[in-house]
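**Student:** To start, I am sharing the structure in question, which I have written as structure tokens.
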Amino acid sequence: MTLRLILSYLALALLVLLGLEIPLGYLYARGEESRFSQSVERDASMLAEVAEENIEKGNLTALPAMGREYAEDNTSARVVIVDRTGQVLTDSADATATGTTLAGDPDIAAALRNQTTVTTRTGTDGTDVLAATMPGSSGTTIRGALQVTYPMTMVTDREHRIWAALALAGACVLAAVALVAFTLARWITRPLRTLERATTQLAAGRLDNPPDAGSGPPELRRLAAAFTHTATRLQHLLQAQHGFASEASHQLKTPLTSLRLRLENFEPYLDPRAHGSLEETIGEVERLSRMVHGLLALARLENAATTPEPVDADAVLAERAAMWESLADEQYVTITVTGPAAGQVWAIPGALEQIIDNLVANALRVSPPGTTITLARAPGADLHVIDQGPGMPEADRERAFDRFWRASDSHQDGTGLGLPIVRHLVTASGGQITLHAAPGGGLDAHIRLRPAAGRERRFQTTPITSAAGRGW
11 MTLRLILSYL
21 ALALLVLLGL
31 EIPLGYLYAR
41 GEESRFSQSV
51 ERDASMLAEV
61 AEENIEKGNL
71 TALPAMGREY
81 AEDNTSARVV
91 IVDRTGQVLT
101 DSADATATGT
111 TLAGDPDIAA
121 ALRNQTTVTT
131 RTGTDGTDVL
141 AATMPGSSGT
151 TIRGALQVTY
161 PMTMVTDREH
171 RIWAALALAG
181 ACVLAAVALV
191 AFTLARWITR
201 PLRTLERATT
211 QLAAGRLDNP
221 PDAGSGPPEL
231 RRLAAAFTHT
241 ATRLQHLLQA
251 QHGFASEASH
261 QLKTPLTSLR
271 LRLENFEPYL
281 DPRAHGSLEE
291 TIGEVERLSR
301 MVHGLLALAR
311 LENAATTPEP
321 VDADAVLAER
331 AAMWESLADE
341 QYVTITVTGP
351 AAGQVWAIPG
361 ALEQIIDNLV
371 ANALRVSPPG
381 TTITLARAPG
391 ADLHVIDQGP
401 GMPEADRERA
411 FDRFWRASDS
421 HQDGTGLGLP
431 IVRHLVTASG
441 GQITLHAAPG
451 GGLDAHIRLR
461 PAAGRERRFQ
471 TTPITSAAGR
481 GW
């Protein structure tokens, strides 16, 4: 924003300078040309009177000296004098021989008709010259003509100098405007910069440095103060929410355990026909207990300040596969770890283990006997947990990460918190997780983590077979 403000100030200053300096330079150039033309015309008129007097007296030998003297006093000037027939009497530049007829020259011909001309034309060397041609006359008697020429470079050089001076002045003004604009822009945007830093801190979960509400324009100071008030209130609300979830989960755990024990103690005293209802009630209490544990886990995750660290993904996969082996064998399910070694990935401490546990547990609940759960590694620190269960429709895959959501056709006793916990752990580790339909049926949970620097690239030639197990 600082750069945009500076550019806007400079653009406005540039427009003002162009609106002032271009007309000023143009007027100066036209005035300089007019003054130069009048000066040459005046000199030519005076020389014509002197030349006419010498011609009248027959003193033709004085003409060359007069022309050369004027040309020497006025560098680059040229004086040509002709008689009444147009024959050259003298040329200060010695470019035209004496006696040469110039009656065909339009300006000379007009002067011999007692007409004065001041014109700009192209000289023999290709440059523009100013020519002032005057008749040498006394009344209506014309005795000759005189032409004075000057190269226009004498005027254009002065014009170029004034344009350069105007450009330099404009550059100095723009530099001063840029300095003032930079100072003003920094003053204006300082609250915005502190607000940006505070917003980044708040997004990370804690506002340590509130935005500066004591400097800058009044509108931005009020905005910074309102943001600080809102952020403080939001932090208090989040802390109260997290505290409530944690406290409620802790307080519910003991009563639920006690309730389950009391229900189990009722079994010997109940009519056998009520045992089915009792088992269903105990199952619901167990599900409620798992939900409380899930809420407690989410509250702890959201309250914890975590920083991703390099984790050996291959070691974690092998460890979790070995841990689930016994439970997988009981359900006649095989777990296979395949693909090239993933090496080091970024994850918060303990997150990758929980991610794999939750996904394998979900896969194990829906895997029929005799099927395989595949933990596949792909290039780029991508991990896949693939089962051969019934799969999940696309609409259900889009909602699967919502808290407490369960598929309408689900016959499992899940709490709807396992996948939200997994997504929170993956996101906190700087990764992404998506659900896809697996080839041949089933579900493919795709985890994309960030590879850690310096990881090794090894290839696993023999799949690791193990088992799967606990869920949320």
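Add 10 to a position in the sequence shown, counting from 1, and you land on the number used in my numbering. We treat Cβ as the ideally placed atom computed from N, Cα and C, and that holds for glycine.
Could you work out which residue in L99, T132 and T95 is closest to A119 when comparing CA atoms only?
**Tutor:** Residue numbering aside, residue 119 sits at position 109 when the sequence shown is read from its first letter. It is T95 whose Cα lies nearest to the Cα of A119.
**Student:** Note down, in chain order, each residue of its chain lying with its Cβ closer than 7 Å to the Cβ of E51, except the 5 sequence neighbours on either side.
**Tutor:** Counting from one through the sequence shown, the residue named residue 51 turns up at place 41. Within the same chain, E51 has close Cβ partners V128 and A142.
**Student:** What does the Cβ neighbour count give for T159, buried or exposed, with the cut at 16 atoms within 10 Å?
**Tutor:** In the sequence shown, residue 159 corresponds to position 149, counting from 1. Looking at its Cβ environment, which holds 16 or more other Cβ atoms inside 10 Å, T159 is buried.
**Student:** By DSSP, does D138 sit in helix, in strand, or in coil?
**Tutor:** The sequence position of residue 138 within the sequence shown is 128, counting from 1. Correct three-state label for D138: strand.
**Student:** Could you give the distance in angstroms between the alpha-carbon of E219 and the alpha-carbon of R387?
**Tutor:** Position 209 of the sequence shown, counting from 1, holds the residue named residue 219. Position 377 of the sequence shown, counting from 1, holds the residue named residue 387. Residue identity differs from the one stated: residue 219 is Asn in this sequence, not Glu. For N219 and R387, the distance between alpha carbons rounds to 42 Å.
**Student:** With V98 as the anchor, note down where its beta strand (DSSP E) starts and where it stops.
**Tutor:** The count along the sequence shown starts at 1 and reaches residue 98 at position 88. V98 to D101 is the extent of the beta strand (DSSP E) around V98.
**Student:** Are there three or more Cβ pairs, one per stretch, closer than 8 Å when the region 280-292 is compared with the region 399-410?
**Tutor:** No, the region 280-292 is not in contact with the region 399-410.
**Student:** Rounded to a whole number of angstroms, what is the C-alpha to C-alpha distance between E329 and L298?
**Tutor:** Your numbering for residue 329 matches position 319 in the sequence shown. Your numbering for residue 298 matches position 288 in the sequence shown. When rounded, the distance between both Cα atoms is 30 Å.
**Student:** Between L20 and A191, how many whole angstroms is the CB-CB distance? I'm expecting something under 8 Å.
**Tutor:** Indexing the sequence shown from 1 puts residue 20 at position 10. Indexing the sequence shown from 1 puts residue 191 at position 181. Yes, they are in contact, since the Cβ atoms of L20 and A191 sit about 7 Å apart, within 8 Å.
**Student:** According to the Cβ coordinates, are L362 and V395 closer than 8 Å?
**Tutor:** If you number the sequence shown from 1, residue 362 lands on position 352. If you number the sequence shown from 1, residue 395 lands on position 385. No, Cβ-Cβ distance for L362 and V395 is not below 8 Å.
**Student:** Taking just the CA atoms, how far does H239 sit from A338?
**Tutor:** Mapped onto the sequence shown, residue 338 falls at position 328. Mapped onto the sequence shown, residue 239 falls at position 229. So the two alpha carbons sit approximately 53 Å from each other.
**Student:** Taking the alpha-carbon positions, what's the V347 to Q249 distance?
**Tutor:** For this step, residue 347 is matched to residue 337 along the sequence shown. For this step, residue 249 is matched to residue 239 along the sequence shown. Computed Cα separation, rounded: 41 Å.
**Student:** Tell me, to the nearest whole angstrom, how far the beta carbon of H456 is from that of T437; I am working on the premise that it is less than 8 Å.
**Tutor:** As a first step, residue 456 is located in the sequence shown; it is residue number 446 there, counting from the start. As a first step, residue 437 is located in the sequence shown; it is residue number 427 there, counting from the start. Not a contact, Cβ separation roughly 14 Å.
**Student:** Does the Cβ-Cβ distance between P74 and T106 come in under 8 Å?
**Tutor:** For this step, residue 74 is matched to residue 64 along the sequence shown. For this step, residue 106 is matched to residue 96 along the sequence shown. In this structure, T106 does not lie closer than 8 Å to P74 by Cβ.
**Student:** Is it buried or exposed for D279, if we count other Cβ within 10 angstroms and need 16 for buried?
**Tutor:** For this step, residue 279 is matched to residue 269 along the sequence shown. Asp is not the amino acid found at residue 279; the sequence shown has Tyr there. Exposed is the call here.
**Student:** Which residues in the same chain have their Cβ closer than 7 Å to the Cβ of G35, if we skip the five residues on either side of it in sequence?
**Tutor:** The count along the sequence shown starts at 1 and reaches residue 35 at position 25. Closer than 7 Å at the Cβ level, and outside the excluded window around G35, lie I172, W173 and L176.
**Student:** Got a sec, what are the start and stop residues for the alpha helix (DSSP H) A72 sits in?
**Tutor:** Taking the first residue of the sequence shown as 1, we reach residue 72 at position 62. Run containing A72: A72 to D83, per the alpha helix (DSSP H) assignment.
**Student:** Output the residue ranges of the beta strand (DSSP E) runs that lie fully inside the region 379-404 and measure 3 residues or longer, sorted by chain position.
**Tutor:** For the region 379-404, whole beta strand (DSSP E) runs of length 3 or above, ordered along the chain, are 382-388 and 392-396.
**Student:** Got a sec? Which residues, its chain only, sit under 6 Å from R413 by beta carbon, not counting five neighbours each side?
**Tutor:** Reading the sequence shown from its first residue, position 403 is the one you call residue 413. So the list reads P430, once near-sequence residues are dropped.
**Student:** To test your reading of the DSSP string, which unbroken alpha helix (DSSP H) runs of 4 or more residues are found completely within the region 160-234?
**Tutor:** If we require 4 residues or more, the alpha helix (DSSP H) runs fully inside the region 160-234 come out as 163-213.
**Student:** If you compare alpha carbons, which of W334, S86, V165 and G428 is closest to N372?
**Tutor:** Residue numbering aside, residue 372 sits at position 362 when the sequence shown is read from its first letter. Among W334, S86, V165 and G428, the Cα nearest to that of N372 belongs to G428.
**Student:** Would L393 and A331 be called neighbours here (beta carbons separated by less than 8 Å)?
**Tutor:** Locating residue 393 in the sequence shown gives position 383, where the first residue counts as 1. Locating residue 331 in the sequence shown gives position 321, where the first residue counts as 1. Contact flag unset, no.
**Student:** Pick from R78, P116 and A352: whose alpha carbon is nearest that of P484?
**Tutor:** Outside the displayed range of the chain (11 to 482) lies residue 484, so it cannot be described from this structure.
**Student:** So, are the CB atoms of V355 and A391 less than 8 Å apart?
**Tutor:** Position 345 of the sequence shown, counted from the first residue, corresponds to residue 355. Position 381 of the sequence shown, counted from the first residue, corresponds to residue 391. Taking 8 Å as the Cβ cut-off, V355 and A391 qualify as a contacting pair.
**Student:** Using the C-alpha atoms, what's the distance from G41 back to P221?
**Tutor:** Your numbering for residue 221 matches position 211 in the sequence shown. Your numbering for residue 41 matches position 31 in the sequence shown. P221 and G41: Cα-Cα distance of roughly 59 Å.
**Student:** How would you write the range of the alpha helix (DSSP H) that P33 sits in, first residue to last?
**Tutor:** Locating residue 33 in the sequence shown gives position 23, where the first residue counts as 1. P33 -> alpha helix (DSSP H) spans T12 to K67.
**Student:** Which ranges does the beta strand (DSSP E) cover as unbroken runs of at least 3 residues, wholly within the region 436-465, from first to last along the chain?
**Tutor:** For the region 436-465, whole beta strand (DSSP E) runs of length 3 or above, ordered along the chain, are 442-447 and 453-458.
**Student:** Since E31 and V165 should fall inside the 8 Å C-beta cutoff, what is the C-beta to C-beta distance between them, to a whole number of angstroms?
**Tutor:** Taking the sequence shown and counting its residues from 1, the one referred to as residue 31 is at position 21. Taking the sequence shown and counting its residues from 1, the one referred to as residue 165 is at position 155. Not really, about 19 Å apart at Cβ, beyond 8 Å.
**Student:** Are the beta-carbon atoms of P201 and A234 separated by less than 8 Å?
**Tutor:** The sequence position of residue 201 within the sequence shown is 191, counting from 1. The sequence position of residue 234 within the sequence shown is 224, counting from 1. Yes, they are a contact pair.
**Student:** How would you write the range of the beta strand (DSSP E) that V90 sits in, first residue to last?
**Tutor:** Taking the first residue of the sequence shown as position 1, residue 90 is located at position 80. Looking at the DSSP string, the run of the beta strand (DSSP E) that includes V90 is R88 to D93.
**Student:** Would you kindly check if the distance between the Cβ of S102 and the Cβ of G77 is under 8 Å?
**Tutor:** Stepping through the sequence shown from its first residue, residue 77 is reached at position 67. Stepping through the sequence shown from its first residue, residue 102 is reached at position 92. Yes; because the gap between Cβ atoms is below 8 Å, this pair is in contact.
**Student:** Just tell me which of L374, L22 and L459 has its CA closest to the CA of G180.
**Tutor:** As a working note, residue 180 is residue 170 in the sequence shown. Comparing Cα-Cα distances from G180 to each of L374, L22 and L459, the minimum goes to L22.
**Student:** With DSSP run on the structure shown, which of helix, strand or coil describes L122?
**Tutor:** Position 112 of the sequence shown, counted from the first residue, corresponds to residue 122. Three-state DSSP puts L122 in a helix.
**Student:** Taking C-beta to C-beta, are Q125 and G109 nearer than 8 Å?
**Tutor:** Taking the first residue of the sequence shown as position 1, residue 125 is located at position 115. Taking the first residue of the sequence shown as position 1, residue 109 is located at position 99. Contact flag unset, no.
**Student:** Give the straight-line distance between the Cα atoms of P265 and P228, rounded to the nearest whole angstrom.
**Tutor:** Here residue 265 corresponds to residue number 255 of the sequence shown, with the count starting at 1. Here residue 228 corresponds to residue number 218 of the sequence shown, with the count starting at 1. Whole-angstrom Cα-Cα distance: 56 Å.
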